[in-house]
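Student:
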Amino acid sequence: MILEIEKKDKGLFIKEEIFQTFFRLWEIDEKTLEDFIINNRQTILGERKMFYIGKQKSSCENLRCDLLFVDTNGNLIIIEIKRDIFDTKNLFEQSFSYAQSFAQLKTIDEFCDAIFRNTKDFFSFRHLRNDKKNNKETLVKELSEFLLKNHTPLSHFNLEQQIILISSGYNNHLLQGISWLISHGINISLIQLQPFELVGNKFIAINRTFPLGKTKNGTHILDKFDSITFINTPWENKMIEYNL
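So this is what it looks like as structure tokens:
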């Protein structure tokens, strides 16, 4: 629960209550969320530089991940998105399958060849031409330039994979499983995009949950809500602004 507070005569008074809701009640699907995250990736994913590969692409085992990025260290960032807590069944199992599949690709050329292998799964990248014949070569060139510009040797490409899970909520079973996996060295983090409403206006609170450390008994814990950002423009206007 979040309250809108009014300060009056050195006192605090509740003005309005902001109610948490669900994306499905806003009739927002996962594709719309994907586009929203891509267009707001620095706000949602953090300030670090990332090279956007694409979305909903088959991996070398013909699996699919929602969004795919490469960071300045050459690590592959695999993002799996589920709309609401009701949709998170098998969320991290899917993402680990994708990570295992992509981990087999040791060079930039192997990686680009794998994601362009099946033309039936082709999709246009934001930064590439629509000519399918040249897309692989262009992606190899631009990805290589991105890494070299950030002083990362091409041989460091895809040495590690990071998994980011995004949803409006997570159940306790999933959180416990994620905590256990983090304690065993799995590079994974959670982001909550929580939809709220206040007198007809729509908000999204961005809650980032990252690994923090260990408790006294050695159990790995999560640093929940290390930062919260409100996107306070009504969703409909935000959709128009980003041409979704």
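With full-length UniProt numbering, letter number 221 in the sequence shown gets 221, and the count goes up by one each step, no holes.
By construction, the Cβ of each residue, glycine as well, lies at the ideal position given by its N, Cα and C atoms.
1) Along the beta strand (DSSP E) that carries E80, what are the first and last residues, could you check?
2) Does N40 come out as helix, strand or coil in the three-state DSSP assignment?
3) With a Cβ-Cβ cutoff of 8 angstroms, do I81 and E27 count as a contact?
4) Taking the alpha-carbon positions, what's the E160 to G185 distance?
5) Taking just the CA atoms, how far does E17 sit from I79?
6) Below 8 angstroms between beta carbons: does that hold for L193 and S168?
7) Where DSSP assigns a beta bridge to S144, which residues make up the other side?
8) The beta strand (DSSP E) spanning Q194 covers which residue range?
9) Could you give the distance in angstroms between the alpha-carbon of I178 and the alpha-carbon of A99?
10) Is Y52 helix, strand or coil when you go by DSSP?
11) Thinking C-alpha only, which one of N158, F96, G74 is nearest I188?
12) Go to S179, then tell me how far its alpha helix (DSSP H) extends in each direction, as first and last residue.
13) If we call anything under 8 angstroms between Cβ atoms a contact, is I164 one with I77?
14) For the candidate residues S155, F203, L91, R117, whose alpha-carbon lies nearest to that of C65?
15) Where does T72 fall in DSSP's three states?
16) So I44 packs on L67, CB below 8 angstroms; how close in whole Å?
17) DSSP three-state call for residue 280: helix, strand or coil?
18) Under a CB-based cut-off of 8 angstroms, is D84 close to chain C?
19) Taking Cβ to Cβ, would you say F157 is nearer than 8 angstroms to I206?
20) According to DSSP, is T209 part of a helix, a strand, or is it coil?
Tutor: Working from what's here:
1) Here residue 80 refers to the residue found at position 80 when the sequence shown is read from its first residue. Counted as a single uninterrupted DSSP element, the beta strand (DSSP E) harbouring E80 occupies residues 76-81.
2) Start at 1 with the first residue of the sequence shown, and residue 40 comes out as number 40. Three-state DSSP puts N40 in coil, outside helix and strand.
3) Position 81 of the sequence shown, counted from the first residue, corresponds to residue 81. Position 27 of the sequence shown, counted from the first residue, corresponds to residue 27. Cβ atoms of I81 and E27: not closer than 8 angstroms.
4) As a first step, residue 160 must be located in the sequence shown, where it is residue number 160. As a first step, residue 185 must be located in the sequence shown, where it is residue number 185. One C-alpha to the other measures close to 12 angstroms.
5) For the purposes of this step, residue 79 is identified with residue 79 of the sequence shown, where counting begins at 1. For the purposes of this step, residue 17 is identified with residue 17 of the sequence shown, where counting begins at 1. Whole-angstrom Cα-Cα distance: 32 angstroms.
6) The count along the sequence shown starts at 1 and reaches residue 193 at position 193. The count along the sequence shown starts at 1 and reaches residue 168 at position 168. Result yes, Cβ atoms of L193 and S168 sit closer than 8 angstroms.
7) Here residue 144 refers to the residue found at position 144 of the sequence shown. According to the DSSP secondary-structure assignment, S144 is paired through a beta bridge with no residue.
8) Within the sequence shown, the letter at position 194 stands for residue 194. Start and end: 188-198.
9) Locating residue 178 in the sequence shown gives position 178, counting from the first residue. Locating residue 99 in the sequence shown gives position 99, counting from the first residue. Rounded to the nearest angstrom, the gap between the Cα atoms of I178 and A99 is 15 angstroms.
10) Counting from one through the sequence shown, the residue named residue 52 turns up at place 52. Here DSSP, grouped into helix, strand and coil, assigns Y52 to strand.
11) If you number the sequence shown from 1, residue 188 lands on position 188. It is F96 whose Cα lies nearest to the Cα of I188.
12) Counting from one through the sequence shown, the residue named residue 179 turns up at place 179. Segment 172-183, the alpha helix (DSSP H) holding S179.
13) Indexing the sequence shown from 1 puts residue 164 at position 164. Indexing the sequence shown from 1 puts residue 77 at position 77. Yes, the Cβ-Cβ distance between I164 and I77 is below 8 angstroms.
14) For the purposes of this step, residue 65 is taken as the residue at position 65 of the sequence shown. Looking from the CA of C65, the closest CA among S155, F203, L91, R117 belongs to L91.
15) Here residue 72 refers to the residue found at position 72 of the sequence shown. DSSP places T72 in coil when its eight states are reduced to three.
16) Indexing the sequence shown from 1 puts residue 44 at position 44. Indexing the sequence shown from 1 puts residue 67 at position 67. Actually they do not touch by this definition, with Cβ atoms about 11 angstroms apart.
17) This structure cannot speak to residue 280, because the chain is shown only from 1 to 244.
18) In the structure shown, chain C does not exist; there is a single protein chain.
19) As a working note, residue 157 is residue 157 in the sequence shown. As a working note, residue 206 is residue 206 in the sequence shown. The answer is no: Cβ separation not under 8 angstroms.
20) Along the sequence shown, one-based indexing puts residue 209 at 209. Shown here, T209 sits in a strand according to DSSP, grouped into three states.
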